Every structure is written in C-alpha cells, then in structure tokens.
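A.B. asks: Below is the structure I would like to discuss, written out as structure tokens.
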Amino acid sequence: MSESSTRRTFIKQSSAAAAGVTLASTLSSAAYAKGDDLIRFVLVGCGGRGTGAAAQIMNTKGNVKLVAVHDAFGDKAANAVNNLSRKYKDKVDVPAERQFSDLDGYKKAIDVDCDLVVIATPPGFKPQQFEYAVGKGRHIFCEKPVATDAPGVRRFLAAVEESKKKNLMVGIGLQRHHEPRYMETVKRLQDGAIGDIIAARVYWNGGGIWYRGGRKDQGEMAFQCDNWYHFNWVCGDQICEQHIHNLDVGCWVKGAYPVECNGMGGGERRMDGDRTKSQIFDHTFCEYTFPDGTKMWSQGRHLGGKAWKNVSEFIHGSKGTSDPSRWIKGATNWEFKGDSPGGHQQEQHDLIEALMAGKIYNEGEYGAKSTFTAILGREACYSSRVLKWDDLLAKGKNLCPNVDSLTLESQVPENARPDKDGKYPYPVTGEYDPFA
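Residues in the sequence shown are numbered from 1039 upward in steps of one, following the working numbering.
Structure follows, in structure tokens:
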C-alpha cells in the first residue's frame, strides 16, 4: 500500500470509528472522492487567534481546505472568510450557506462534512463545543484555555476520555510544547540537569488588553460576547487567558500539577477602576504547592506606563537554575543554539503532519489540567483562601449553568449582570466564595 493511500485510509477509518458508523458510510465524502488526501477543516471562532490558526494550517505542507466557519457574530465570520480568501484562495471554500453565526451555530459548522475542527472561541464556550466535535468524530485543535470553571474542566476531561476511545487527534494551543527550545531544555531539566526541582517562578506581566465598547442596538449578551475578555464566565480572567502558558511550563517541567494554592490580587487600575466596563482583576499573585511540597510562584498583571513587563519562567533546582525557554546554569552550563520556529505555526505543522501520517496524539488532558491550574489560582486570589485542587475541581462553582441553551438574545449569567448603575459584580477578596 502506498504512503498516500495509507494516509487516506487512516483519516477515513479514524473518523468513521469515532463517529460510530461503518467505514463504507464515509466513502461518499467529497474529501476523498478523488483520492487526493484532502483534509477538510472548519473554524469555530473567527477572531484573531482563530483566523491566525486557520492561516497557519494553510501554511503547512498538508492538502487542506477550509469548508465552514462559525462565529457568534455573522460579520466576523464573513470577514474571516474574505481575509483568508485573499491570501489562500485555493484553500478556502466557504460560501455564504456555510458561514454560521449566533451562539449555537457551532453545531451547524461542525456538522459540515469535515475531518478537523479548529475551536478558537472564548473559553466559556469551549467545553460544549469540544464535546460536540468529539461526538461527531472530528479531529480537533482547541485553543487554550479550554474552560473557565470547574464544571467546564470536568466536562472537557470527560470528552477527552471519549476522544481517546475514538482514536481522535486532539491538539491544544499551548504552543511551547512544540517549540524546540522549550522541548530540549525541559527534557534536560527532567533528566536532572539542575538536580531536584525545588521551585518555579512564572510571570505574565504585560500591558493592558483591548476593549471594544458597545455596538448600536446591542443587547447585554452580545455586548459581553463582543468584549468577552472582561467577563469571568466567558474569559476566566487574565490568569486563565494568558498566564496559563507560564503556569503550564512550570507544571510541565515538574511533571506534576499542584495540590493547593493561595493567592491575592485586585483590579484597581484596569479601566481606571470603572466597574461598568470590566469585572476582572488586573493583577494576581499565587503560591502553588506541588504534591512533594515544592512551590511555584506566579505573577500575572496588566499594567501600562513604567510597570515592569516580563513574560517568562524560571526553574530552580538543587544544582542550578534554568530559563526553560533557552538556558541552564549550574553544575553544567548549557544554552539552546538551534533553530526554534514560532510555536503557533509549529503546532499546526506538527498536527497536520501527524494527521497525514496516521500518527495521532492527544494533548487534551494536559490542556484541561493546565487550564484548571489557572482556575485554581484565580479562585484563590478572588477568595484569599487556601484552596485544594481536589475540592475545587469537585465542588467549584458553575459560572454559567445554562451555557448550552444561550443565544445572543439570552440573559447573561447572574454573576455578570450589571446593577442599576451599570456596574458589574466584582470579586471582593476575603468575601468571595469559590463554592457558591
């Protein structure tokens, strides 16, 4: 059997097995009618990261074609198609009837005959979208973070187990795992280059974040979905949305996830303290404890001006120190000297190459657990309590109980409803209850 024939057989068989149907029923797919190894993919979430991921898939050596898109807002879906078509005309086939909108339109997109689903929506929506894609037997690339609360993480983890049973590819947008500079350094650390790992320091201290404001005649749900970064139920705060990358590296090096966390934080400077625009913190500090008692300290911040800006990780061992992105200092000094392509592009090269070769991998579990590491930190900072991983994962609050039935006309969750003055609920440290 030829290599190309093997690739076609793998993709067809894995998709068929995942969907719980016979192989014969998949052979009518246009993707393989010409025996051309075409990988048809759909994009769920047409913001900057989603369109970026789609473009990066088109930059790979794979024979790929975008066949459907979804976004909560129809104009964003159309803009994504138009923008991608200008550069990748032959790799985009998305007529108007395969451009879907509103909050439930993702189902229609995933239902389109395809092999791969790219999920790049705000994280509050990802668990049910991932679950649906797994149920349909699709291979998946899902951006991080994958949820905003404990119930969402549990739901995502359950779907990951189903994806493993169905032999599905699951890539997660924690791209440092695909960067050679990190991969080589972390391997050396895990092989003992600095002795026992005794502590980690991780940082995402950056400037501010975008705020779009309101559109004409826009309801509250549409407003919050458009400005999703500023609302906890749909974003999860900066520690989830950005700082997850650094937390993930600390856990990756350690080969473990924390058992507890305490923290502190606040939001005095974000939007100049205007509670009619945002309900998330602008700074957090966490102390995580691993099963062996070692610590990981975390700083996350959005602050402009002359504030110290730093996005990095540092690992301390019994015999040295490391920046896991490039160097080790201690008993033996070492620095990465090779080529290290950008992670966002490399993760798509790896995913498409593996899919074509029939060598699937599944990153869903660590994607969910790294997400929950961030959620644990957020809830510790909001509450000023020492929180146990197991307790919060089992009993942590549900930020949006009716997420599956939402439309752009729905009422927003109670924890995000503005008061009579237009101010949004805001976590009061020392009073916030992570379980109620």
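Backbone N, C-alpha and C fix where the C-beta goes; we use that ideal spot for every residue, glycine too.
Every value quoted in this text rests on a predicted model; they were computed, and no experiment measured them.
1) Under DSSP, the alpha helix (DSSP H) around residue 1278 begins and ends at which residues?
2) From the DSSP output, in three-state form, read off residue 1302 for me.
3) Of the residues 1422, 1426 and 1428, which one's Cα is nearest the Cα of residue 1467?
4) With residue 1303 and residue 1323 assumed to form a contact (beta carbons below 8 Å), what rounded beta-carbon distance in angstroms separates them?
5) Which full runs of the beta strand (DSSP E) of 3+ residues lie inside the region 1343-1406, going along the chain?
6) Please state whether DSSP places residue 1466 in a helix, a strand or coil.
7) Apply the 10 Å Cβ neighbour rule to residue 1253 and answer buried if 16 or more other Cβ atoms are within range, or exposed otherwise.
8) From the DSSP secondary-structure annotation, give me the bridge partner or partners of residue 1242.
9) If you run the structure through DSSP and keep just helix, strand and coil, what is residue 1119?
10) What's the gap between the Cα of residue 1244 and the Cα of residue 1330?
11) Report yes or no: do three or more beta-carbon pairs, one from the region 1227-1237 and one from the region 1450-1459, lie closer than 8 Å?
12) From the DSSP output, which residues share a beta bridge with residue 1103?
13) Taking buried to mean at least 16 other C-beta atoms within 10 Å of its own C-beta, is residue 1004 buried or exposed?
14) Quick check: residue 1157 and residue 1181, are their CB atoms within less than 8 Å of each other?
15) Once DSSP output is grouped into helix, strand and coil, what is the label at residue 1323?
16) What's the call for residue 1342, buried or exposed, on a 16-neighbour Cβ count within 10 Å?
17) Among 1206, 1259 and 1220, which has the Cα closest to the Cα of residue 1176?
18) Could you spell out the range, first to last residue, of the alpha helix (DSSP H) harbouring residue 1086?
19) Is it right to say residue 1220 is buried, meaning 16 or more other beta carbons lie within 10 angstroms of its own, or is it exposed?
20) Rounded to a whole number of angstroms, what is the C-alpha to C-alpha distance between residue 1409 and residue 1165?
21) By alpha-carbon positions, which one of 1258, 1262, 1340 and 1235 ends up nearest to residue 1277?
C.D. replies: In short, the structure shows the following:
1) 1276-1279
2) strand
3) 1422
4) 6 Å
5) 1348-1355, 1358-1361 and 1365-1368
6) coil
7) exposed
8) 1338 and 1349
9) helix
10) 31 Å
11) no
12) 1078
13) Absent from the structure is residue 1004, since the part of the chain shown begins at 1039 and ends at 1474.
14) yes
15) strand
16) exposed
17) 1206
18) 1086-1096
19) buried
20) 12 Å
21) 1340
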